[in-house]
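Enquirer: So the sequences go chain by chain: A and B. With this note's numbering, letter number 32 in the first sequence gets 41, and the count goes up by one each step, no holes. With this note's numbering, letter number 296 in the second sequence gets 309, and the count goes up by one each step, no holes. Positions of the beta carbon are idealized from the N, C-alpha and C atoms, including for glycine. I'd like to ask some things about the structure below.
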Amino acid sequence: MEKHFPEELLYTKEHEWCRVKGDIVTIGITWHAQDQLGDVVFCELPAPGETIKAGQTFGAVESVKAVSDLFSPVTGKVTERNDDIVESPEGLNEDCYDDGWMIRVELSHKDELDELMSQGDYLKFLEETED
Amino acid sequence: MNERLKRTPLFEAHKQLDAKMVPFGGWEMPVQYSGVIDEHVTVRTKVGLFDVSHMGEVEVRGPKALEAVNELITNDLEKAADGQAIYTAMCREDGGIVDDLVVYRFSRERVFICVNAANRDKDFEWIRAHCASGVTVANRSDEYAQIAVQGPNAEQLVSRFTDTALTSIGFYHFAEGRVMNQAAIISRTGYTGEDGFELYVPSGLGNELFLALAQRGQDVGVKPAGLGARDSLRLEARMCLYGSDISDDTDPISAGLGWVVKLDKPSFIGKDALLRVKTEGPAKKLVGFEMEGAGIARHGYPIMVAGQRVGEVTSGTKGPTVGRAIGLGWVDARHAEAGTELGIEIRGKLIPARVKKGPFYKRAK
């Protein structure tokens with residue numbers, strides 16, 4: 010997978026992305042997150058019906074060598090989970106934006122989206138945090 | 014905070030091979046090149062190269078060098094032959110492990126000790142302070158680059174760089190020879206569960222040798238491998254990691270290393286304490302376990318039985334070759350029996366696991 014960060018997505022400092030369609034937000038991890046982890050071997054995600062809260066952990070991804078918590082960008086009820094990724098988490102290293110989406114959430118507080126970064130801001134953030 | 018990280022003599026080679034570098038115990042080390050799983054599988058099926066130059070080397074010489082070192086270690090150097098290496102613990106008087114070592118018996122007058130990277134200075138001081146007078150103890154860590162060549166094709170690859178007859182070096186034996194025309198110790202040892210060699214060469218040869226091994230071994234499938242694969246390989250083979258599974262606060266018998274504790278030796282530092290552990294039985298034991306539910310145990314996760322916390326995970330990963338999540342952890346001795354059901358607390362949830370005896374992976378001989 011080529012290093013890329015789609016323009017239409019919103020981003021967090023914990024390297025998650027959001028795709029917003031009406032009240033439904035699709036959440037995943039960025040190219041940078043999967044690159045830092047290396048080979049992903051495990052992915053734990055909340056089931057549909059569970060509620061997740063902005064800024065709190067909603068799951069975890071693990072590589073052979075490390076665990077990384079997933080932080081929710083928004084608050085809301087999970088409507089869908091990508092079970093293909095739970096079954097075959099290595100898919101996150103192949104395509105983290107389309108086939109590698111993680112969950113869909115029904116947004117409770119629309120204004121939380123204002124806290125997220127645009128692609129441009131995220132690229133700047135990556136530049137600043139890399140030495 | 015920003016203490017400068019030490020670099021091994023192979024730093025330039027890692028840069029050329031595009032390694033991902035990370036801080037590890039004060040060292041800037043390659044954690045991966047092509048990817049942890051790819052490197053792991055390469056070592057199991059072909060051959061991998063590791064920079065292990067961060068390990069330290071201490072040499073003890075003198076007319077009674079063997080006796081002096083034998084007093085410091087739990088295994089018995091008298092039982093080894095010249096040209097043989099032994100794995101051992103080095104203990105304090107109370108039985109706590111100062112370090113786990115590979116000790117090379119060159120002769121009764123010359124003993125060479127390979128120590129863990131993080132323990133270089135501690136071990137050198139310990140050995141110097143506790144060696145009988147009449148021997149010289151030298152810290153030779155900076156003189157060597159150490160490269161581990163591990164995997165079924167290791168012998169074929171190393172043979173291209175030396176005239177030493179490798180087939181005549183048995184497992185846990187070594188020879189002095191020449192590698193790329195420079196003096197080297199060629200040791201048939203490793204930390205992966207595979208056949209292979211550890212090459213101790215002059216530090217100045219490190220970059221050139223590592224790159225040459227990587228280049229001239231392409232037809233036998235060689236790849237450089239980093240700390241990530243080193244950890245998953247050693248855990249599948251169920252080898253302890255000092256500082257994680259074992260430490261100053263643990264003794265070798267409780268840690269399952271009783272096979273390197275020779276209580277029939279006349280004396281060695283820690284013998285009385287270890288005799289006591291042996292007689293009374295350990296209060297806690299280091300056990301291996303396999304996960305039976307979905308989840309990966311990691312260092313520090315609680316181990317539970319019937320709602321009680323009975324221990325803690327010290328190593329854990331998903332083993333790429335064994336294909337399941339495995340780990341090591343300390344538990345109260347009454348829960349250490351093979352087959353015992355444990356619960357590992359992972360992010361607030363209890364995931365079932367089962368105590369397993371012996372290595373998770375064993376190569377076909």
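Apart from the five residues just before and just after B/P36, which ones in its own chain have a Cβ nearer than 7 Å to its Cβ?
Expert: Locating residue 36 of chain B in the second sequence gives position 23, where the first residue counts as 1. Within the same chain, B/P36 has close Cβ partners L18.
Enquirer: Quick one: does B/K59 have its CB under 7 Å from some CB of chain A?
Expert: Position 46 of the second sequence, counting from 1, holds the residue named residue 59 of chain B. It does not; no Cβ of chain A falls within 7 Å.
Enquirer: Pick out the complete beta strand (DSSP E) segments inside the stretch 295-342 of chain B, 3 residues or longer, and give them in chain order.
Expert: Listed in chain order, the complete beta strand (DSSP E) runs (minimum 3 residues) inside the stretch 295-342 of chain B are 297-304, 315-318, 321-332.
Enquirer: Please tell me whether B/V111 and B/V73 are closer than 7 Å, where the distance is taken between their beta carbons.
Expert: What you label residue 111 of chain B is simply residue 98 of the second sequence in a count that begins at 1. What you label residue 73 of chain B is simply residue 60 of the second sequence in a count that begins at 1. Not in contact: B/V111 and B/V73 (Cβ atoms no closer than 7 Å).
Enquirer: Strictly below 9 Å CB to CB, what residues from chain A border B/P333?
Expert: For the purposes of this step, residue 333 of chain B is taken as residue 320 along the second sequence, with counting starting at 1. Simply D48, V50, V73.
Enquirer: With 9 Å as the limit, tell me which residues of the stretch 225-251 of chain B have their beta carbon closer than that to any beta carbon of chain A; keep them in chain order.
Expert: The residues in question are L240, G241, A242, D244, S245.
Enquirer: Ignore the nearest five residues each way along the sequence and tell me which others in B/T202's own chain have a CB closer than 7 Å to its CB.
Expert: Translated into the one-based positions of the second sequence, residue 202 of chain B becomes position 189. Within the same chain, B/T202 has close Cβ partners A98, V115, Y185, E211.
Enquirer: For A/R113, report the span of its alpha helix (DSSP H) as first-last.
Expert: Here residue 113 of chain A corresponds to residue number 104 of the first sequence, with the count starting at 1. Premise fails: A/R113 lies in the beta strand (DSSP E), 112-116, not in any alpha helix (DSSP H).
Enquirer: Using a Cβ-Cβ distance under 7 Å, would A/V76 count as near chain B?
Expert: Start at 1 with the first residue of the first sequence, and residue 76 of chain A comes out as number 67. Taking Cβ atoms only, chain B reaches closer than 7 Å to A/V76, which makes this a yes.
Enquirer: Under a three-way DSSP split, which group does A/F134 fall into?
Expert: Residue numbering aside, residue 134 of chain A sits at position 125 when the first sequence is read from its first letter. In this structure, A/F134 counts as helix in the three-state DSSP scheme.
Enquirer: Please state if the CB of A/V49 and the CB of A/V73 are separated by a distance shorter than 7 Å.
Expert: Stepping through the first sequence from its first residue, residue 73 of chain A is reached at position 64. Stepping through the first sequence from its first residue, residue 49 of chain A is reached at position 40. Taking 7 Å as the Cβ cut-off, A/V73 and A/V49 do not qualify as a contacting pair.
Enquirer: Note down the Cα distance separating A/D104 from A/I33, rounded to an integer number of angstroms.
Expert: What you label residue 104 of chain A is simply residue 95 of the first sequence in a count that begins at 1. What you label residue 33 of chain A is simply residue 24 of the first sequence in a count that begins at 1. So the alpha carbons of these two residues sit roughly 21 Å apart.
Enquirer: What separation, rounded to the nearest whole angstrom, lies between the Cα atoms of B/L62 and B/V56?
Expert: Translated into positions along the second sequence, residue 62 of chain B becomes position 49. Translated into positions along the second sequence, residue 56 of chain B becomes position 43. Rounded to the nearest angstrom, the two C-alpha atoms are 8 Å apart.
Enquirer: Apart from the five residues just before and just after B/N129, which ones in its own chain have a Cβ nearer than 6 Å to its Cβ?
Expert: Within the second sequence, numbered from 1, the residue matching residue 129 of chain B stands at position 116. D112, Y255.
Enquirer: CA-CA distance, B/N152 and B/P215?
Expert: One-based indexing of the second sequence puts residue 152 of chain B at position 139. One-based indexing of the second sequence puts residue 215 of chain B at position 202. Approximately 14 Å between the Cα atoms of the pair.
Enquirer: Using CA coordinates, which residue listed in B/S267, B/I309, B/D277 is at the minimum distance from B/A349?
Expert: For this step, residue 349 of chain B is matched to residue 336 along the second sequence. Selected option, being the one with the closest Cα: B/S267.
Enquirer: For B/M14, collect the residues of the same chain with a Cβ closer than 6 Å to its Cβ; drop the 5 residues on either side in sequence, then sort them by chain order.
Expert: As a position in the second sequence, residue 14 of chain B is number 1, starting the count at 1. The predicted position of B/M14 is uncertain, since its pLDDT is 41 and thus under 50; a value taken from the coordinates is nonetheless stated next. Nothing meets the Cβ criterion.
Enquirer: Does the beta carbon of B/R311 come closer than 7 Å to any beta carbon on chain A?
Expert: Looking up residue 311 of chain B in the second sequence gives position 298. With 7 Å as the cut-off, B/R311 counts as an interface residue toward chain A.
Enquirer: Which bits of chain B does A/A69 rub up against, with CB to CB less than 7 Å?
Expert: Against the first sequence, residue 69 of chain A aligns to sequence position 60. Those within 7 Å of A/A69 in chain B are R360.
Enquirer: Check each candidate in B/V148, B/D345, B/A286, B/K331 and name the one with the smallest Cα separation from B/L246.
Expert: Looking up residue 246 of chain B in the second sequence gives position 233. Cα-wise, what sits closest to B/L246 is B/K331.
Enquirer: Hey, how far is the Cα of B/Q45 from the Cα of A/G47?
Expert: The residue you call residue 45 of chain B lines up with position 32 of the second sequence. The residue you call residue 47 of chain A lines up with position 38 of the first sequence. If I take the Cα positions, the gap works out to 9 Å.
Enquirer: Any Cβ of chain A within less than 7 Å of the Cβ of B/Q163?
Expert: As a working note, residue 163 of chain B is residue 150 in the second sequence. B/Q163 does not count as touching chain A.
Enquirer: State the Cα-Cα distance for the pair B/E106 and B/K298, rounded to the nearest angstrom.
Expert: Taking the second sequence and counting its residues from 1, one reaches residue 106 of chain B at position 93. Taking the second sequence and counting its residues from 1, one reaches residue 298 of chain B at position 285. Rounded to the nearest angstrom, the two C-alpha atoms are 20 Å apart.
Enquirer: Does the beta-carbon distance from A/E115 to A/K86 come in below 7 Å?
Expert: Here the question's residue 115 of chain A lines up with position 106 in the first sequence. Here the question's residue 86 of chain A lines up with position 77 in the first sequence. Yes, the pair counts as a contact, with Cβ atoms nearer than the cut-off.
Enquirer: Applying the criterion that 16 or more other CB atoms from any shown protein chain within 10 Å of the CB defines a buried residue, is B/H85 buried or exposed?
Expert: Translated into the one-based positions of the second sequence, residue 85 of chain B becomes position 72. The sequence given here has Leu at residue 85 of chain B, not His. With 16 or more Cβ atoms within 10 Å of its Cβ, B/L85 is classed as buried.
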